[in-house]
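Q:
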Amino acid sequence: MSVLPDDYEMVIGLEVHTHLKTASKLFSPAPVRYGEAPNHAVHPIDLALPGVLPVLNERVVELAIRLGLAIHATVNEESVFARKNYFYPDLPKGYQISQFEEPVVSEGWLDIEVEPEGPLKGKGKKKGAAPELLRKRIGITRAHIEEDAGKSIHDVAIAGSEDSCIDLNRAGVPLLEIVSEPDLRSPREASAYLRALRSILRYIGVSDADMEKGQFRCDANVSIRRKGDAFGTRTEIKNLNSFTHVEDAIEAEAIRQLEVLEDGGEVVQATMGYDPERRRTHVQRLKENSDDYRYFPDPDLIPLRISAEKIEAVRAALPELPEEKRARFESEYALSAYDAGVLTASRTLADFFEAAAKECGAPKAAANWITRDVLRELKERECEIEDLALTPQTLGRLIALVEEGRLTQKSAAQLFPDLVADGGDPEAMMVERGLEAVSDAGAIEGFVDEVIAANPDVVQQVRDGDDKPLNFLMGQVMKASQGKAEPGQVRKALAEKIRG
Numbered sequence: 006m007s008v009l010p011d012d013y014e015m016v017i018g019l020e021v022h023t024h025l026k027t028a029s030k031l032f033s034p035a036p037v038r039y040g041e042a043p044n045h046a047v048h049p050i051d052l053a054l055p056g057v058l059p060v061l062n063e064r065v066v067e068l069a070i071r072l073g074l075a076i077h078a079t080v081n082e083e084s085v086f087a088r089k090n091y092f093y094p095d096l097p098k099g100y101q102i103s104q105f106e107e108p109v110v111s112e113g114w115l116d117i118e119v120e121p122e123g124p125l126k127g128k129g130k131k132k133g134a135a136p137e138l139l140r141k142r143i144g145i146t147r148a149h150i151e152e153d154a155g156k157s158i159h160d161v162a163i164a165g166s167e168d169s170c171i172d173l174n175r176a177g178v179p180l181l182e183i184v185s186e187p188d189l190r191s192p193r194e195a196s197a198y199l200r201a202l203r204s205i206l207r208y209i210g211v212s213d214a215d216m217e218k219g220q221f222r223c224d225a226n227v228s229i230r231r232k233g234d235a236f237g238t239r240t241e242i243k244n245l246n247s248f249t250h251v252e253d254a255i256e257a258e259a260i261r262q263l264e265v266l267e268d269g270g271e272v273v274q275a276t277m278g279y280d281p282e283r284r285r286t287h288v289q290r291l292k293e294n295s296d297d298y299r300y301f302p303d304p305d306l307i308p309l310r311i312s313a314e315k316i317e318a319v320r321a322a323l324p325e326l327p328e329e330k331r332a333r334f335e336s337e338y339a340l341s342a343y344d345a346g347v348l349t350a351s352r353t354l355a356d357f358f359e360a361a362a363k364e365c366g367a368p369k370a371a372a373n374w375i376t377r378d379v380l381r382e383l384k385e386r387e388c389e390i391e392d393l394a395l396t397p398q399t400l401g402r403l404i405a406l407v408e409e410g411r412l413t414q415k416s417a418a419q420l421f422p423d424l425v426a427d428g429g430d431p432e433a434m435m436v437e438r439g440l441e442a443v444s445d446a447g448a449i450e451g452f453v454d455e456v457i458a459a460n461p462d463v464v465q466q467v468r469d470g471d472d473k474p475l476n477f478l479m480g481q482v483m484k485a486s487q488g489k490a491e492p493g494q495v496r497k498a499l500a501e502k503i504r505g
């Protein structure tokens, strides 16, 4: 439900800064490494020492083209590097090399799927049913190449000093700044857009987009207005580095702006900070406009020209994109739109599913195990799928044993945690632990006869037309067989014995 009155709405645009997946920096040969000791991944170019000149990293251009093609944008055959002038201790040159009027990528879009807003969301649906999603297209104004700044450290515990310290390892790391149109209307839509964008960046190998490492950061431009009115005055919330913080910060700022307007005040364009503990935004400084940065073309760098042949070569090398993969999963594996969406949320998860499905020959069963059991383990362990000892081939063999009737679902669930933690051979573990399912008709018939004889009153209820007690009888057979009897055969044998 919106935090605003029904006649108001939010207008949100996002600026995402994502580190590019390169071995070296944008204009210097210094390595891009995370976790280095402060100021140990630098070069004279990063330090702006006298006489140094920037040299463009060609890999950065290729990655920018990849993103442009993936977001259905125009890759401009000519773009210009500019100097963005501002003075801060972590910017040794006194300016940042960026792109302004002529970016490398412009006029793209990205489709998102989001649950509808409002208290009636999901009303009338069965419990556990997949949520209904609304599809929306978000415009992307531009994506331009720029270098990152260094990092100011004010924390005594980290810096080991009461003074503010500067770490320039990050200075010069290549970034793409991806600017959306103000098409988003809720914190939920903003989060969905960021997740979709991060998924694409990872799919195509442009960025690892690790938020904990600062590789994927967001500035949110927020304003509110009465529905149908012109845009209100926007504020910019800086340096949001988690999906939760993005949603909470946007909501908090919308509430703040509403309070200002209801008190008869006027929202002022400003740069805002967000305090997650208090869940409040606060003014950091009055917002600069582009003319405050005194942009002008960088005289040390000639215009960047990209040939049509280069663009087409990059296009030909693009991997399958999430949207294409989702559609293929629905048609090729007969998965629901919801399951296909979950499985294609990341490239590693999608690849894991396909390998497991190939191993067991039962795509739907593989999808069920992954969306239910594997994702639960990832959430509980707070890790990525590649961190598990479980391989897709191992999961596929486990599923195959169930599909073949050699292992019950219950017994497979008993083996699963050990396979996740330590790996192993599901078939060997099944034999070693004596879990192989009883599928011999004679053995099952013996268990059934025993249960029928012990429960005459319940059997009579079934004969009188009440099917509910049949589940009780099945449970008794499974108990007698120590959970090893194949449930389908048990139900069939019970029905035949009781009803003839």
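The sequence shown lines up with residues 6 to 505 when you count with this note's numbering. Glycine included, C-beta positions come from ideal geometry on N, C-alpha and C.
1. Since residue 193 and residue 119 are thought to touch, with beta carbons under 8 Å apart, how far apart are those beta carbons, to the nearest angstrom?
2. Is residue 240 closer than 7 Å to residue 216 when the C-beta atoms are compared?
3. Beta-carbon separation of residue 150 and residue 109 under 7 Å?
4. According to DSSP, what are the bridge partners of residue 330?
5. What residue from 31, 41, 420 has the CA that sits closest to residue 69's CA?
6. Give the single residue among 481, 91, 346, 380 whose Cα lies nearest to the Cα of residue 459.
7. Provide the residue span of the beta strand (DSSP E) that contains residue 279, from first to last.
8. Less than 6 Å between C-beta atoms, sequence neighbours within five positions excluded: which residues of the same chain meet that for residue 226?
9. Determine the direct distance from the alpha carbon of residue 89 to that of residue 428, and round the result to whole angstroms.
10. Between the alpha carbons of residue 269 and residue 101, how many angstroms are there, rounded?
11. Take the Cβ of residue 198 as the centre, count every other Cβ of all protein chains shown within 10 Å, and call the residue buried at 16 or more, exposed below.
12. Kindly give me the distance between the Cβ atoms of residue 349 and residue 331, rounded to whole angstroms, as I take these residues to be in contact under 8 Å.
13. Can the beta-carbon of residue 48 be found closer than 7 Å to that of residue 33?
14. DSSP three-state label for residue 83, please.
15. Would residue 40 and residue 77 qualify as a contact pair, given that the criterion is a beta-carbon distance under 7 Å?
16. Which residues does DSSP list as the beta-bridge partners of residue 231?
17. If you drop the 5 nearest sequence neighbours on each side, which residues of the same chain put their C-beta closer than 7 Å to that of residue 426?
18. Where does residue 68 fall in DSSP's three states?
19. Got a sec? Which residues, its chain only, sit under 8 Å from residue 35 by beta carbon, not counting five neighbours each side?
20. Do you know offhand how far residue 398's Cα is from residue 357's?
21. Please report how far the alpha carbon of residue 168 lies from the alpha carbon of residue 313, in whole angstroms.
22. Rounding to the nearest angstrom, what Cα-Cα distance links residue 152 and residue 273 in this structure?
23. Quick check on this structure: which residue in 139, 320, 185 has the alpha carbon closest to the alpha carbon of residue 223?
24. Buried or exposed for residue 91, please, with buried defined as at least 16 other CB atoms from any protein chain shown within 10 angstroms of its CB.
25. By DSSP, does residue 226 sit in helix, in strand, or in coil?
26. Looking at the unbroken beta strand (DSSP E) that takes in residue 148, where does it start and where does it end?
27. Excluding the five sequence neighbours on either side, which residues of its own chain have a C-beta within less than 7 Å of the C-beta of residue 98, listed in chain order?
28. Here's the rule: buried if 16 or more other CB atoms are within 10 angstroms of the residue's CB, otherwise exposed. What is residue 433?
29. DSSP beta-bridge partners for residue 156?
30. The alpha helix (DSSP H) that contains residue 352, what's its start and end?
31. Can you tell me which of the three DSSP states residue 100 falls into?
32. In this structure, how does DSSP classify residue 401 when only helix, strand and coil are distinguished?
33. Quick check on residue 127: buried or exposed, where buried means 16 or more other Cβ atoms within 10 Å of its Cβ?
34. Just confirm the distance between the C-beta atoms of residue 318 and residue 23, as a whole number of angstroms; I'd bet it's less than 8 Å.
35. May I have the straight-line CA-CA distance separating residue 457 from residue 436, to the nearest angstrom?
36. Do residue 236 and residue 8 have their beta-carbon atoms positioned less than 7 Å apart in this structure?
A: On the basis of the supplied data:
1. 6 Å
2. no
3. yes
4. Beta-bridge pairing links residue 330 to no other residue.
5. 31
6. 481
7. 275-280
8. 18, 239, 241
9. 52 Å
10. 39 Å
11. buried
12. 5 Å
13. yes
14. strand
15. no
16. 13
17. 394
18. helix
19. 29, 46, 47, 48, 50, 51, 177
20. 9 Å
21. 51 Å
22. 29 Å
23. 185
24. exposed
25. strand
26. 139-152
27. 53
28. exposed
29. 172
30. 352-365
31. strand
32. helix
33. No answer about residue 127 holds up, because its pLDDT of 45 lies below 50 and its placement is not dependable.
34. The pair is not a contact, with the Cβ atoms about 23 Å apart (cut-off 8 Å).
35. 30 Å
36. no
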